[in-house]
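Asker: Residue numbers (this note's numbering), protein chains in the order written: chain A, 20 to 166; chain B, 20 to 166; chain C, 20 to 166; chain D, 20 to 166; chain E, 20 to 166; chain F, 20 to 166; chain G, 20 to 166; chain H, 20 to 166. For glycine and all other residues, C-beta sits at the position ideal for the given N, C-alpha and C. Dropping the structure in here first, questions after.
Number of protein chains: 8
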Amino acid sequence: MQLSVYLAGEIHTDWRENIIAACEGLAIEWYGPVTDHAASDDCGVEIFGAEDSKFWHDRKGASLNAVRTRTAIARSDVVVVCFGEKYKQWNAAFDAGYAAALGKPLIVLQLPEHDHALKEIDAAANAVARTPSEVARALKYVVAGKL
Amino acid sequence: MQLSVYLAGEIHTDWRENIIAACEGLAIEWYGPVTDHAASDDCGVEIFGAEDSKFWHDRKGASLNAVRTRTAIARSDVVVVCFGEKYKQWNAAFDAGYAAALGKPLIVLQLPEHDHALKEIDAAANAVARTPSEVARALKYVVAGKL
Amino acid sequence: MQLSVYLAGEIHTDWRENIIAACEGLAIEWYGPVTDHAASDDCGVEIFGAEDSKFWHDRKGASLNAVRTRTAIARSDVVVVCFGEKYKQWNAAFDAGYAAALGKPLIVLQLPEHDHALKEIDAAANAVARTPSEVARALKYVVAGKL
Amino acid sequence: MQLSVYLAGEIHTDWRENIIAACEGLAIEWYGPVTDHAASDDCGVEIFGAEDSKFWHDRKGASLNAVRTRTAIARSDVVVVCFGEKYKQWNAAFDAGYAAALGKPLIVLQLPEHDHALKEIDAAANAVARTPSEVARALKYVVAGKL
Amino acid sequence: MQLSVYLAGEIHTDWRENIIAACEGLAIEWYGPVTDHAASDDCGVEIFGAEDSKFWHDRKGASLNAVRTRTAIARSDVVVVCFGEKYKQWNAAFDAGYAAALGKPLIVLQLPEHDHALKEIDAAANAVARTPSEVARALKYVVAGKL
Amino acid sequence: MQLSVYLAGEIHTDWRENIIAACEGLAIEWYGPVTDHAASDDCGVEIFGAEDSKFWHDRKGASLNAVRTRTAIARSDVVVVCFGEKYKQWNAAFDAGYAAALGKPLIVLQLPEHDHALKEIDAAANAVARTPSEVARALKYVVAGKL
Amino acid sequence: MQLSVYLAGEIHTDWRENIIAACEGLAIEWYGPVTDHAASDDCGVEIFGAEDSKFWHDRKGASLNAVRTRTAIARSDVVVVCFGEKYKQWNAAFDAGYAAALGKPLIVLQLPEHDHALKEIDAAANAVARTPSEVARALKYVVAGKL
Amino acid sequence: MQLSVYLAGEIHTDWRENIIAACEGLAIEWYGPVTDHAASDDCGVEIFGAEDSKFWHDRKGASLNAVRTRTAIARSDVVVVCFGEKYKQWNAAFDAGYAAALGKPLIVLQLPEHDHALKEIDAAANAVARTPSEVARALKYVVAGKL
Chain A
20 MQLSVYLAGE IHTDWRENII AACEGLAIEW YGPVTDHAAS DDCGVEIFGA EDSKFWHDRK
80 GASLNAVRTR TAIARSDVVV VCFGEKYKQW NAAFDAGYAA ALGKPLIVLQ LPEHDHALKE
140 IDAAANAVAR TPSEVARALK YVVAGKL
Chain B
20 MQLSVYLAGE IHTDWRENII AACEGLAIEW YGPVTDHAAS DDCGVEIFGA EDSKFWHDRK
80 GASLNAVRTR TAIARSDVVV VCFGEKYKQW NAAFDAGYAA ALGKPLIVLQ LPEHDHALKE
140 IDAAANAVAR TPSEVARALK YVVAGKL
Chain C
20 MQLSVYLAGE IHTDWRENII AACEGLAIEW YGPVTDHAAS DDCGVEIFGA EDSKFWHDRK
80 GASLNAVRTR TAIARSDVVV VCFGEKYKQW NAAFDAGYAA ALGKPLIVLQ LPEHDHALKE
140 IDAAANAVAR TPSEVARALK YVVAGKL
Chain D
20 MQLSVYLAGE IHTDWRENII AACEGLAIEW YGPVTDHAAS DDCGVEIFGA EDSKFWHDRK
80 GASLNAVRTR TAIARSDVVV VCFGEKYKQW NAAFDAGYAA ALGKPLIVLQ LPEHDHALKE
140 IDAAANAVAR TPSEVARALK YVVAGKL
Chain E
20 MQLSVYLAGE IHTDWRENII AACEGLAIEW YGPVTDHAAS DDCGVEIFGA EDSKFWHDRK
80 GASLNAVRTR TAIARSDVVV VCFGEKYKQW NAAFDAGYAA ALGKPLIVLQ LPEHDHALKE
140 IDAAANAVAR TPSEVARALK YVVAGKL
Chain F
20 MQLSVYLAGE IHTDWRENII AACEGLAIEW YGPVTDHAAS DDCGVEIFGA EDSKFWHDRK
80 GASLNAVRTR TAIARSDVVV VCFGEKYKQW NAAFDAGYAA ALGKPLIVLQ LPEHDHALKE
140 IDAAANAVAR TPSEVARALK YVVAGKL
Chain G
20 MQLSVYLAGE IHTDWRENII AACEGLAIEW YGPVTDHAAS DDCGVEIFGA EDSKFWHDRK
80 GASLNAVRTR TAIARSDVVV VCFGEKYKQW NAAFDAGYAA ALGKPLIVLQ LPEHDHALKE
140 IDAAANAVAR TPSEVARALK YVVAGKL
Chain H
20 MQLSVYLAGE IHTDWRENII AACEGLAIEW YGPVTDHAAS DDCGVEIFGA EDSKFWHDRK
80 GASLNAVRTR TAIARSDVVV VCFGEKYKQW NAAFDAGYAA ALGKPLIVLQ LPEHDHALKE
140 IDAAANAVAR TPSEVARALK YVVAGKL
């Protein structure tokens with residue numbers, strides 16, 4: 020079974036690459052946000068012109084990024100959301116909520132230390148994984164129907 | 020006319036293979052749950068780690084299986100649900116209800132002895148078949164427009 | 020917070036009455052199927068005329084009952100599904116699937132001996148209760164926000 | 020114009036009470052999560068029985084809380100999300116994403132120091148407020164059509 | 020259980036009045052098209068000005084009538100469609116299809132002589148009644164849960 | 020621009036073939052009901068077994084045909100509905116209503132003598148054509164953007 | 020039949036008051052945008068703080084106004100859109116498109132001199148009226164079923 | 020990431036060609052209205068026959084054009100709306116509203132002099148561009164994830 024998978028969340032480690040590599044050969048189409056941090060932050064003002072205020076600088080970028088992320092999430096069958104060690108990562112949680120409301124199955128990738136803080140998101144998810152390798156095994160199982 | 024068909028329900032006989040074989044040559048894309056019973060039961064704990072409690076052992080597996088079944092049902096044009104001789108098969112009935120609420124045409128495959136117990140599900144279905152061969156003939160008719 | 024609750028499933032014990040009594044005073048509007056077994060079986064032929072075949076006798080009744088159940092489920096905020104001791108109860112599982120696909124929160128009421136057979140339905144539910152009293156406490160908590 | 024408003028997010032300060040008090044006299048129906056922290060954490064095990072594992076303890080509670088929050092968000096016209104000083108508050112961000120995907124207008128209540136971390140959520144919102152009083156003025160304007 | 024019922028179809032006999040009278044005392048809100056034939060035909064040009072062409076005369080009226088019928092069908096729980104003796108009554112069939120696509124339960128009221136011509140519409144319906152009295156009994160059963 | 024077009028309605032003249040031939044070379048995928056009248060009438064009993072009653076004979080066939088027609092209408096961008104000279108053709112009107120409720124653009128093909136009887140359906144349509152050739156020209160214009 | 024009506028478009032003449040007065044006694048709930056031009060323009064910066072740039076000044080106000088207009092349009096059964104003599108009135112056209120995509124019946128109020136410029140919007144509407152009085156008569160007809 | 024983009028709005032300058040040329044090599048499928056002004060105005064009467072009244076002449080054309088535009092907007096991931104120097108362009112605003120209600124991300128292309136008149140539409144958009152080149156850069160960024 021072919022699958023479209025959106026990889027949401029943190030952009031500072033190579034978890035996406037690990038999952039994609041571990042799923043090589045499977046009929047999976049991968050989607051994700053722009054992972055070039057600087058481009059993601061500055062795309063709005065780079066393309067549409069500078070802003071004096073940081074607030075609107077951010078707004079222009081975030082709004083443009085949303086064109087990509089909303090389209091890609093809507094097109095995906097499964098959304099994997101990774102919560103990393105650093106930053107607030109409210110965006111990851113927002114994407115999880117967005118996907119949940121669209122009825123997309125969620126797989127959350129997180130360390131046990133965040134279990135309590137993420138309990139509502141975990142409760143909305145089909146699986147909670149601890150490593151990219153677990154996510155890859157789960158996707159393989161869904162696609163190929165075999166452990 | 021091309022068709023996507025989900026084959027839901029019992030996983031202990033070869034009814035799926037019979038239907039698929041009888042439809043050879045037709046433009047049908049087949050979907051279904053994982054039919055390896057052991058894998059289906061244990062996939063959750065195999066991938067995400069063991070559980071002390073059987074209840075959560077089951078939950079982990081069922082939640083992962085749902086990633087596949089929900090995605091596949093949503094993608095299908097027609098859902099065939101087979102009620103077999105053994106087990107409670109509440110899952111088959113659940114899939115039938117799920118598909119019905121999504122507006123998917125249902126074909127129920129069952130023996131006459133269950134007619135009364137299945138009357139609400141039959142009433143939600145477009146056809147009640149007694150053999151895989153009847154299901155195959157119905158799908159052929161839908162796809163090819165000929166008896 | 021006001022709530023509309025559909026009580027689906029078995030019609031041979033007084034679990035509905037127990038829950039409703041235990042929730043007295045709460046702003047809950049109750050829905051459910053026709054629980055007069057004979058009326059539920061025969062309503063179709065009683066109103067629209069007899070059928071020679073039991074199959075179509077059942078169809079007429081089940082189709083009419085569906086006018087009530089589908090309307091009531093669609094109008095409910097929460098669906099409670101009770102799996103009892105007797106009968107196949109595929110209808111209860113069908114209603115659970117139907118409600119799940121509509122995004123209605125589910126509370127399953129069942130005994131532990133059916134845990135494995137009901138694992139997929141439990142995995143789609145927000146809670147698994149063992150007694151009507153637990154269901155009532157859960158509904159109270161949802162409505163009143165207090166334990 | 021009557022309005023239903025869901026107040027999502029942090030549960031440790033009195034921002035909800037401030038907004039509600041400031042909107043007295045307006046035709047607003049208020050919704051929100053259970054704000055008794057202990058009840059919110061323990062409702063699952065209190066009602067449905069204890070769990071050995073903290074993970075499933077949390078799951079039971081979060082799943083039950085979701086019955087209330089999902090129902091209330093779906094019923095609301097506007098969702099106000101407050102990001103406070105403490106904790107990760109991923110749940111607030113999840114609710115914001117959930118509401119956004121349902122097409123609910125969002126008002127985010129946050130301090131400027133979180134502007135960059137919240138830029139995607141702010142970009143999905145109709146307004147970013149700094150104080151409960153600003154939220155109340157905005158709701159008044161929406162309901163009464165006057166500044 | 021309260022019900023909203025749309026009475027679609029022929030406007031030359033008193034079948035609507037018969038059903039409504041027979042349901043007196045039940046919590047049913049009734050909807051229907053404008054049954055004053057002349058007003059229904061001429062409302063468009065009466066209000067918005069005459070047309071030289073009968074085709075556009077009809078268009079203006081039909082478009083205005085659709086404001087009422089579409090709104091009322093969308094708001095109804097059940098749609099009863101009566102096919103009478105006279106005229107083509109394509110409008111009745113159109114309303115039936117419209118309601119079916121919205122997932123509204125249908126009750127068709129027709130004489131047996133039209134069974135073959137109406138077989139597709141009957142197959143989309145929850146019940147086929149022969150008299151207004153049968154429709155009334157069916158609605159009573161749905162609302163009151165008793166024969 | 021590629022288009023999927025469903026050709027609904029009468030099955031006794033060659034209007035479908037005329038339109039398809041006149042659109043040769045355009046990127047149009049054609050859908051339609053089974054046009055073999057005997058097969059369409061008898062498919063249900065042929066596949067699933069004979070019925071004593073003509074009513075249920077018809078029901079079995081109509082329900083199976085609906086698997087094809089509903090799937091195909093849902094998949095189409097445009098629905099063309101032809102009202103011919105003979106028969107009641109309530110099914111054509113039903114398909115028109117069904118398509119309208121799904122938001123599918125309609126093109127009605129009919130002779131002027133039925134204008135008044137079809138006014139509500141015409142008012143729901145994007146175009147009223149008098150000949151298959153007009154339908155073909157309209158589809159060409161939509162696909163190719165040129166007269 | 021009760022109706023909810025949104026009055027969209029120009030805010031410089033008394034067309035809203037005229038319609039409402041002419042419909043006195045009918046069961047109509049009226050919705051509309053904020054019609055105090057200054058408040059509508061400045062609400063954003065008044066409540067959430069001043070902006071150096073006129074572009075973001077406007078953005079803050081328009082986003083807040085959208086909370087009211089989107090909610091009210093979604094809640095309405097019918098949307099009346101008035102195109103007046105002055106200004107570009109793109110907002111009126113935007114509201115018309117928004118309502119059309121939600122399947123809301125439209126009544127356009129405009130002078131004949133704009134017929135060609137408004138032809139696409141008129142084609143999406145159920146009626147084109149020339150005076151508030153015509154709109155009122157149309158609404159009366161829809162509500163009361165009488166000319 | 021592949022993208023489907025609808026280019027809505029003015030048809031008298033070469034902004035569409037500029038954007039398409041600047042995006043050469045990207046996986047973008049382009050949609051748009053018929054841009055041959057005469058064909059767009061007269062398609063209805065050319066195909067379905069002349070009308071005495073200019074109003075119905077326009078209606079016939081606009082309704083046929085809507086078959087193309089509605090289908091194409093529904094199929095697109097992103098809608099770019101250009102407001103040019105000339106004409107009222109209510110149609111562009113209507114398309115923007117239509118796309119917004121479907122949840123399609125909008126990019127508005129307009130000159131600063133229209134900022135105030137377009138503030139509500141801009142507030143519904145993900146980006147406001149001043150030149151076709153900016154639109155092209157934005158689409159490149161969305162598709163390729165790089166500045």
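Are the beta-carbon atoms of M20/B and Y117/F separated by less than 8 Å?
Answerer: Within the second sequence, residue 20/B is the residue found at index 1, counting from 1. Within the sixth sequence, residue 117/F is the residue found at index 98, counting from 1. Contact: no.
Asker: Interface residues of chain F around R156/B at Cβ under 7 Å?
Answerer: Taking the first residue of the second sequence as position 1, residue 156/B is located at position 137. Correct list: I66.
Asker: Below 8 Å, can you find three or more Cβ-Cβ pairs linking the stretch 82–96 of chain G to the stretch 144–154 of chain D?
Answerer: Enough Cβ pairs lie closer than 8 Å, so yes.
Asker: By the three-class DSSP mapping on this structure, what secondary structure does L22/C have?
Answerer: As a first step, residue 22/C must be located in the third sequence, where it is residue number 3. Of the three classes helix, strand and coil, the one that applies to L22/C here is strand, per DSSP.
Asker: Cutting at 7 Å between CB atoms, please list the residues of its own chain near Q108/G, excluding the five before and the five after it.
Answerer: Within the seventh sequence, residue 108/G is the residue found at index 89, counting from 1. Excluding positions up to five away in sequence, the list reads G28, E29, F102.
Asker: Can you give me the Cβ contacts of V64/G inside the same chain, cut-off strictly under 8 Å, excluding the 5 residues immediately before and after it?
Answerer: To locate residue 64/G, count along the seventh sequence from 1; it is residue 45. Excluding positions up to five away in sequence, the list reads E70, H76, K79, G80.
Asker: Could you pull out every residue in the same chain whose Cβ sits closer than 8 Å to the Cβ of S59/F, ignoring the five residues on either side in sequence?
Answerer: Start at 1 with the first residue of the sixth sequence, and residue 59/F comes out as number 40. Taken in chain order, the residues that qualify are I30, P52, V53, G80, N84.
Asker: Is the CB of V53/G under 8 Å away from at least one CB in chain D?
Answerer: Translated into the one-based positions of the seventh sequence, residue 53/G becomes position 34. By this cut-off, V53/G is an interface position.
Asker: Is it a yes or a no for the stretch 148–157 of chain B touching the stretch 84–101 of chain C, going by three-plus beta-carbon pairs under 8 Å?
Answerer: At 8 Å Cβ cutoff, the stretches do not touch.
Asker: Helix, strand or coil: how does DSSP classify I38/F here?
Answerer: In the sixth sequence, the residue the question calls residue 38/F occupies position 19. Correct three-state label for I38/F: helix.
Asker: Based on the DSSP output, what are the partners of V97/B in its beta bridges?
Answerer: Residue mapping note: residue 97/B aligns to position 78 of the second sequence, counting from 1. According to DSSP, V97/B bridges with V24/B.
Asker: Cβ closer than 7 Å: which chain H residues qualify as neighbours of A111/A?
Answerer: Counted from its first residue, the first sequence places residue 111/A at position 92. Near A111/A there are no residues of chain H at all, since even the closest Cβ is about 18 Å away, more than 7 Å.
Asker: Express the C-alpha separation of V98/D and K165/D in angstroms, rounding to a whole number.
Answerer: The residue labelled residue 165/D in the question sits at position 146 within the fourth sequence. The residue labelled residue 98/D in the question sits at position 79 within the fourth sequence. Answer to the nearest angstrom: the Cα atoms are 20 Å apart.
Asker: Would you say I47/A and L22/A are within 8 Å of each other, going by their C-beta atoms?
Answerer: As a working mapping, residue 47/A is identified with position 28 in the first sequence. As a working mapping, residue 22/A is identified with position 3 in the first sequence. Yes, Cβ-Cβ distance for I47/A and L22/A is below 8 Å.
Asker: For D114/B, return the contacting residues in chain C, with the cut-off set at a CB-CB distance below 7 Å.
Answerer: Working through the second sequence from its first residue, we reach residue 114/B at position 95. Here the neighbours are G116.
Asker: As a quick exercise: from H56/G, H133/G, F67/G, P131/G, pick the residue whose alpha carbon is nearest that of H135/H.
Answerer: The residue labelled residue 135/H in the question sits at position 116 within the eighth sequence. For the residues H56/G, H133/G, F67/G, P131/G, the minimum Cα distance to H135/H belongs to H56/G.
Asker: What residues from chain F crowd round K11/B, counting only those whose CB sits closer than 8 Å?
Answerer: There is no way to answer for residue 11/B, as the model of chain B reaches only from 20 to 166.
Asker: Using a C-beta cutoff of 8 Å, does A119/E count as contacting chain F?
Answerer: Along the fifth sequence, read from residue 1 onward, the residue named residue 119/E stands at position 100. So yes, A119/E belongs to the interface.
Asker: Please classify V86/H: does DSSP put it in a helix, a strand, or coil?
Answerer: Within the eighth sequence, the letter at position 67 stands for residue 86/H. V86/H: helix per DSSP, three-state reduction.
Asker: In whole angstroms, what separates the C-alpha of L121/F from that of A120/G?
Answerer: For the purposes of this step, residue 121/F is taken as the residue at position 102 of the sixth sequence. For the purposes of this step, residue 120/G is taken as the residue at position 101 of the seventh sequence. Approximately 12 Å between the Cα atoms of the pair.
Asker: Is the beta carbon of C62/F closer than 8 Å to that of Y106/B?
Answerer: Numbered from 1 along the second sequence, position 87 holds the residue referred to as residue 106/B. Numbered from 1 along the sixth sequence, position 43 holds the residue referred to as residue 62/F. No. Outside cutoff.
Asker: Could you tell me if D33/H is buried or exposed, where buried requires 16 or more neighbouring beta carbons within 10 angstroms of its beta carbon?
Answerer: Residue mapping note: residue 33/H aligns to position 14 of the eighth sequence, counting from 1. It is exposed - the Cβ of D33/H has fewer than 16 other Cβ atoms within 10 Å.
Asker: What does W128/B pair with, by DSSP beta-bridge criteria?
Answerer: Taking the first residue of the second sequence as 1, we reach residue 128/B at position 109. Reading off the sequence shown, one finds Leu at residue 128/B, where the question assumed Trp. Bridge partners of L128/B: C101/B, A148/B.
Asker: Measuring only between beta-carbons, confirm whether V98/E sits less than 8 Å from chain C.
Answerer: Residue numbering aside, residue 98/E sits at position 79 when the fifth sequence is read from its first letter. Judged by the 8 Å Cβ criterion, V98/E is not in contact with chain C.
Asker: With DSSP as the reference, label Y106/C as helix, strand or coil.
Answerer: Position 87 of the third sequence holds residue 106/C. Three-state DSSP puts Y106/C in coil, outside helix and strand.
Asker: What would DSSP say about E70/H, mapped onto helix, strand or coil?
Answerer: Here residue 70/H corresponds to residue number 51 of the eighth sequence, with the count starting at 1. Reduced to three states, the DSSP call for E70/H is coil.
Asker: Less than 8 Å between the beta carbons of V100/F and L125/F, yes or no?
Answerer: As a position in the sixth sequence, residue 100/F is number 81, starting the count at 1. As a position in the sixth sequence, residue 125/F is number 106, starting the count at 1. The answer is yes: Cβ separation under 8 Å.
Asker: Closer than 8 Å, Cβ to Cβ, to anything on chain G: give me those residues from the stretch 59–93 of chain D, in chain order.
Answerer: Hits within the stretch: zero.
Asker: Using only the alpha-carbon positions, how far apart do A41/H and R87/B sit?
Answerer: The count along the eighth sequence starts at 1 and reaches residue 41/H at position 22. The count along the second sequence starts at 1 and reaches residue 87/B at position 68. One C-alpha to the other measures close to 40 Å.
Asker: Under 8 Å between C-beta atoms, does K138/E make it to chain F?
Answerer: Start at 1 with the first residue of the fifth sequence, and residue 138/E comes out as number 119. With 8 Å as the cut-off, K138/E counts as an interface residue toward chain F.
Asker: Which residues bound the beta strand (DSSP E) around I47/F?
Answerer: On the sixth sequence, residue 47/F is found 28 positions in, with the first residue counted as 1. Start and end: 47–50.
Asker: Let me check understanding here. Comparing Cα to Cα, which of K73/D, I140/D, H133/D, K138/D lies closest to D141/A?
Answerer: Along the first sequence, one-based indexing puts residue 141/A at 122. That would be K73/D, whose Cα lies nearest to the Cα of D141/A.
Asker: The stretch 21–33 of chain F: which residues have C-beta closer than 8 Å to a C-beta of chain E, in chain order?
Answerer: Of all residues in the stretch 21–33 of chain F, none has a Cβ within less than 8 Å of some Cβ in chain E.
Asker: Tell me which residue opens and which closes the alpha helix (DSSP H) that E139/H is part of.
Answerer: As a working note, residue 139/H is residue 120 in the eighth sequence. From DSSP, the alpha helix (DSSP H) with E139/H extends over 138–142.
Asker: Taking only beta carbons into account, state which residues of the stretch 127–153 of chain A come closer than 9 Å to chain D, listed in chain order.
Answerer: Taking 9 Å as the Cβ-Cβ cut-off against chain D, the residues of the stretch 127–153 of chain A that qualify are P131, H133, D134, H135, A136, L137, K138, E139, I140, D141, A142, A143, V147.
Asker: Less than 8 Å between the C-beta atoms of A157/B and I66/F, yes or no?
Answerer: Numbered from 1 along the second sequence, position 138 holds the residue referred to as residue 157/B. Numbered from 1 along the sixth sequence, position 47 holds the residue referred to as residue 66/F. Yes, the Cβ-Cβ distance between A157/B and I66/F is below 8 Å.
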